[in-house]
Amino acid sequence: MSSIKSIGRYGVYSSDIDVNLLKLDSKIISREVNSIWETGHNQKKGLLNNVLDWSSADLEIIGLIDKASQCDRAVLKINCNWTNFYNQIDLNKTDNKNQTQFNILFTLDKSLVSSEVTFSIDFFNNEKLVGESKVFQVFVDNRIKPEIDSSQFKWEFYNFEKDSQNEIPNEFRSLIQDEFSTKGQQFISFFATPDEINNKLRIFVNESFPGIDENLFDSKDKLPEQLIHLRDLLEMYYRSNAYMVQFMNTTFTIKDLGKKLKEQYEREEISEQDLKVKVYEEIKEEFNSELNQLSFELINFLSLKLFPKDKTSERDRIYKWWNLSQGDVNQLIERFNLAFQTVFDPAKKLKDFEKFAKSLVDMGDGNTGNNDEIMEGEIDD
Amino acid sequence: MTNLEILSYQYLKRNLNDDNFMDYKPLQDHMLEISDLKKINLHREINIKGIQKVFQDAQKTEKVRNFLGLSKEDFIDYETTFTDAYVGLNLHNLLRLSPSEASRPEVWNSIIFSQPHALQYLHYRKNLEIVDESKKKKLTINDLFVTSTMGNIHQTNRLSWPWWVVEVTRNGSSYISALDAFKSTTYFTTRYIQSFLMHQRPIAIALAQYFAEFDNEPKRFNKDRRDVLATSGTDGLGQYSVALKDYFIEHRLFKNIEIPTISNEAFQIWQKNSSSFSFNSGPEDFKVSQESLEKVFKIFDEIGLKRGWLKTI
């Protein structure tokens, strides 16, 4: 829980709200579910949308406000616009050192809500408002798609080897260990495409591969200088593959859409303009649907990378993507290859790349110079 | 078939248009699989036995009037709103939807596009106020198809919207306050109903009663009174619920008004029972006492007094 600040303008004290997930359907949550919930916790978001098959969630709501506020009452407000749901509950006061703390347990029934449920607390002193918390959002289904954040991918580290402590998840084990590699050391990575629980493509890094472990990718750990470039290139390799997987999966989905419209166009029942409008709408509908794990925002983002000159027309870009998927897939792949390099331009993403390149040129010219400077890798997507 | 089969929203959206929707016949391929139904919280079986009769009877004036217990005089000028009340009350009691289920466009589209009587009713309802046969209008896809927007589900579609009016304004098992909401006509059922303040059960129920019963005179006959909680917009029309919002923003809470916690357990027991409508046959999942409602009335009076309204009585 973040620390609270002191008194703000108009005599209203800054305060805080925290919501913890304790149980689902009266059972204490697993580490996996807790891990999903915690994903958005720092942003005041509770992600129950990524947890299937639950009917009720036991939540602990905590409110904090500076003692100087002399707060004597805290009221929790719970609201869901999609179902016109509202509840309002007084929290119980439990003082601690410098802050006044309130808490309460609340059971959220899934049948009463949908999409986003908001939790906020108003703090009072003698009926006068002295603080108001931020809003904590709990997402109970996928009506609202996750935002595109700084990373398109989720990194996970496993041993692909059999019988190891941190073995790769069950659903992929047989494929990797039995069909492709009995010892599990051969591959450096594996990709798990988005599903009901994981809305990002997951990059599984194989820690059984000699020399690879999680610390290699932890920027806090200082690596020997000579290994940094290798590490960064390796990371780029992972991401390059991941982007290609994501791009191909998306293209397969797009390719399958608009079939009837294409037939109508070929029978000259609709114009190309109509085709463009309707295909765009169909693709948008598909990716806006909560049954599809990818968001339309992501599709639009990728389309901009594929067709960088069409900055103004989202519809044109999406239509071009669909149109090429129907026939000229080669051009799409070529475009994607270039698009990827605009995102992962080594000259921009690898610090001091130019110096490194210059050193290579100088070496060719017989001028060795000083190439000892650290070329720190800072790659993100 | 007694259970509603849920049609794919995307299939309907992509394939139905003004030229073909009247001839549409649902096929198995168009239904959502259980895995998809779970994702959208629609995996409970929804019993629709008797729904055809609801739509048939809704087109018979006498049936509607008798059901609501209204005199001819009370009924005649407000036939449309009372027809909406009939449909809303019956669908609420028959379908026994949870709010989560009722928020899904898939539910309403599945009823509309799998029940020919629903189409007939919606055509009847569209033309209810048009006397001249030659001016009656055909249905369009936009009259029927429920889009995935909150406004369409809560406020526009002529099946889902009356359901939501009933849900928001019923007092636990009692549907009497829901009928009051319809008596207050569309300024209440489509305009006030949009306000987030209506999420608070005591406010929604009290408003419905307040407008319908104030001074024992139906509110609908008195425009000045109905505007008690409105402010005048730049277009001269009442901006309903603005005064209430102002009050709420100032006070943060409706003082001393207890917001009931809804018992999902009681609601589920009601869901499992078979439907048999009476005005006291809703779920016993909460109850706002008349004492609490009186406190809300006082708040309305207080706001009205500040706005000079009581001077006109």
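As given, the protein sequences belong to chains U and X, one line each in that order.
In terms of this note's numbering, the first sequence has 132 at position 132, counting the first letter as 1, and numbering is strictly consecutive.
In terms of this note's numbering, the second sequence has 1081 at position 81, counting the first letter as 1, and numbering is strictly consecutive.
The C-beta atom is built at its ideal place from N, Cα and C for all residues, glycine as well.
As the structure is a prediction and not an experimental result, all values here were calculated from the model.
Could you spell out where the alpha helix (DSSP H) holding residue i opens and where it closes?
i           : result
Lys-259(U)  : 259-266
Trp-321(U)  : 314-326
Gly-1088(X) : 1079-1095
Tyr-1121(X) : 1116-1126
Ser-1035(X) : 1034-1039
Asn-300(U)  : 296-306
Gln-1271(X) : 1264-1272
Ala-1102(X) : 1099-1102
Gly-1304(X) : 1290-1306
Leu-76(U)   : Segment 73-80 is the beta strand (DSSP E) holding Leu-76(U); no alpha helix (DSSP H) there.
Gln-1052(X) : 1051-1057
Asn-330(U)  : 329-343
Leu-275(U)  : 272-288
Just to confirm the assignment, what range does the beta strand (DSSP E) spanning residue i have?
i           : result
Glu-60(U)   : 56-66
Gly-131(U)  : 128-132
Ser-15(U)   : 15-24
Ile-203(U)  : 201-206
Gly-211(U)  : Element bounds for Gly-211(U): n/a, residue is neither H nor E.
Lys-1063(X) : Careful: Lys-1063(X) lies outside any beta strand (DSSP E), inside the alpha helix (DSSP H) at 1061-1068.
Asp-122(U)  : 116-125
Asp-109(U)  : 99-109
Phe-1145(X) : Phe-1145(X) -> no beta strand (DSSP E), and no H or E assigned at all.
If you draw a straight line from the C-alpha of residue i to the C-alpha of residue j, how long is it?
i           : j           : result
Glu-235(U)  : Leu-216(U)  : 10 angstroms
Leu-62(U)   : Leu-91(U)   : Correcting the residue type first, residue 62(U) is Ile in the shown sequence and not Leu. Distance between the alpha carbons of Ile-62(U) and Leu-91(U): 8 angstroms.
Ile-1203(X) : Gln-1209(X) : 10 angstroms
Phe-301(U)  : Asn-323(U)  : 18 angstroms
Thr-39(U)   : Thr-253(U)  : 27 angstroms
Ser-3(U)    : Ser-15(U)   : Since pLDDT at Ser-3(U) reaches only 38, below the 50 mark, its modelled position is unreliable, and the value read off the structure follows with that caveat. Whole-angstrom Cα-Cα distance: 9 angstroms.
Leu-1128(X) : Thr-1189(X) : 18 angstroms
Pro-1218(X) : Asn-142(U)  : Model confidence at Pro-1218(X) stands at a pLDDT of 48, short of 50, so the residue's coordinates are unreliable; what they give is reported in the following sentence. If you take the alpha carbons of Pro-1218(X) and Asn-142(U), they lie about 43 angstroms apart.
Phe-1286(X) : Asp-109(U)  : 15 angstroms
Glu-334(U)  : Gln-293(U)  : 26 angstroms
Ser-1392(X) : Gln-43(U)   : Chain X is shown from 1001 up to 1313; residue 1392(X) falls before or after that span and cannot be answered.
Tyr-280(U)  : Ser-313(U)  : 11 angstroms
Thr-1080(X) : Leu-1144(X) : 17 angstroms
Lys-200(U)  : Thr-193(U)  : 7 angstroms
Glu-171(U)  : Phe-191(U)  : 12 angstroms
Met-248(U)  : Glu-266(U)  : 26 angstroms
Arg-1014(X) : Val-329(U)  : 25 angstroms
Glu-268(U)  : Lys-262(U)  : 10 angstroms
Note down, in chain order, each residue of its chain lying with its Cβ closer than 7 angstroms to the Cβ of residue i, except the 5 sequence neighbours on either side.
i           : result
Tyr-1086(X) : Ala-1058, Val-1064, Phe-1067, Leu-1068
Ile-104(U)  : Ile-61, Leu-76, Ile-89, Leu-91, Asn-92
Val-1146(X) : Pro-1105, Trp-1108, Asn-1109, Asn-1152, Ile-1153, Asn-1157, Ser-1160
Tyr-112(U)  : Inspection of the sequence shows that residue 112(U) is occupied by Leu rather than by Tyr. The answer, listed in chain order, is Thr-83, Phe-85.
Glu-1258(X) : Ser-1292
Tyr-319(U)  : Lys-276, Val-279, Tyr-280
Phe-1113(X) : Leu-1007, Leu-1012, Tyr-1024, Pro-1026
Leu-1037(X) : Ile-1006, His-1043
I'd like the list of long-range same chain contacts for residue i, defined as Cβ closer than 6 angstroms, with 5 residues on each side in sequence excluded.
i           : result
Ile-78(U)   : Asn-87, Phe-119
Leu-1091(X) : Trp-1163
Ser-26(U)   : none
Ser-1148(X) : Pro-1105
Val-135(U)  : Thr-118, Ser-120
Phe-1021(X) : Ile-1141
Gln-246(U)  : Leu-201
Might you give, ordered along the chain, the residues of its own chain that have their beta carbon closer than 8 angstroms to the beta carbon of residue i, omitting 5 neighbours on each side?
i           : result
Gln-1052(X) : Gln-1115, His-1117
Ile-1034(X) : His-1043
Thr-94(U)   : Gln-101, Phe-102, Asn-103
Ser-1100(X) : Asn-1041
query = For the segment 131-147 of chain U, which residues have a beta carbon sitting closer than 9 angstroms to at least one beta carbon of chain X?
reply = Glu-132, Val-140, Asp-141, Asn-142, Arg-143
ask   = Of the residues that make up the segment 90-115 of chain U, which ones have a beta carbon closer than 7 angstroms to any beta carbon in chain X?
value = Within the segment 90-115 of chain U, the residues whose Cβ lies closer than 7 angstroms to some Cβ of chain X are Asp-109, Lys-110, Ser-111, Leu-112, Val-113, Ser-114, listed in chain order.
message = Whether or not the segment 1150-1165 of chain X and the segment 1098-1113 of chain X are in contact is what I'm after, with contact meaning three or more pairs of Cβ atoms, one per stretch, closer than 8 angstroms; do they touch?
response = yes
ask   = Just by C-beta distance, which residues in the segment 1006-1039 of chain X are closer than 8 angstroms to chain U?
value = Tyr-1009, Gln-1010, Lys-1013, Arg-1014, Asn-1015, Asp-1036, Lys-1038, Lys-1039
The segment 309-324 of chain U / the segment 269-288 of chain U touching (three or more Cβ pairs under 8 angstroms) = yes
request  = Would you list, in chain order, the members of the segment 69-92 of chain U that have their beta-carbon closer than 9 angstroms to a beta-carbon of chain X?
outcome  = Val-75, Lys-77, Asn-79, Cys-80, Asn-81, Trp-82, Thr-83, Asn-84, Phe-85, Tyr-86, Asn-87, Gln-88, Ile-89
query = Relative to chain X, which residues along the segment 269-295 of chain U have a C-beta separation below 9 angstroms, given in chain order?
reply = Lys-278, Glu-281, Glu-282, Glu-285, Glu-286, Asn-288, Ser-289, Glu-290, Leu-291
ask   = Listed in chain order, which residues of the segment 1182-1211 of chain X have Cβ atoms closer than 8 angstroms to some Cβ of chain U?
value = Phe-1196, Met-1198, His-1199, Gln-1200, Arg-1201
ask   = Residues in the segment 308-333 of chain U with C-beta within 8 angstroms of chain X's C-beta atoms, listed in sequence order?
value = none
ask   = Taking one C-beta from the segment 1287-1296 of chain X and one from the segment 1166-1176 of chain X each time, how about it: are there three or more such pairs within less than 8 angstroms?
value = yes
task = Would you check if the segment 1018-1033 of chain X and the segment 294-309 of chain U touch, i.e. whether three or more CB-CB distances between them fall below 8 angstroms?
result = no
inquiry  = For the structure I just gave you, are there three or more beta carbon pairs, one from the segment 1177-1186 of chain X and one from the segment 1259-1278 of chain X, closer than 8 angstroms?
reply    = Taking a contact to require three or more Cβ pairs closer than 8 angstroms, the segment 1177-1186 of chain X and the segment 1259-1278 of chain X do not qualify as touching.
request  = Quick one: which residues of the segment 46-59 of chain U get their C-beta closer than 8 angstroms to a C-beta of chain X? List them in chain order.
outcome  = Leu-52, Asp-53, Ser-56
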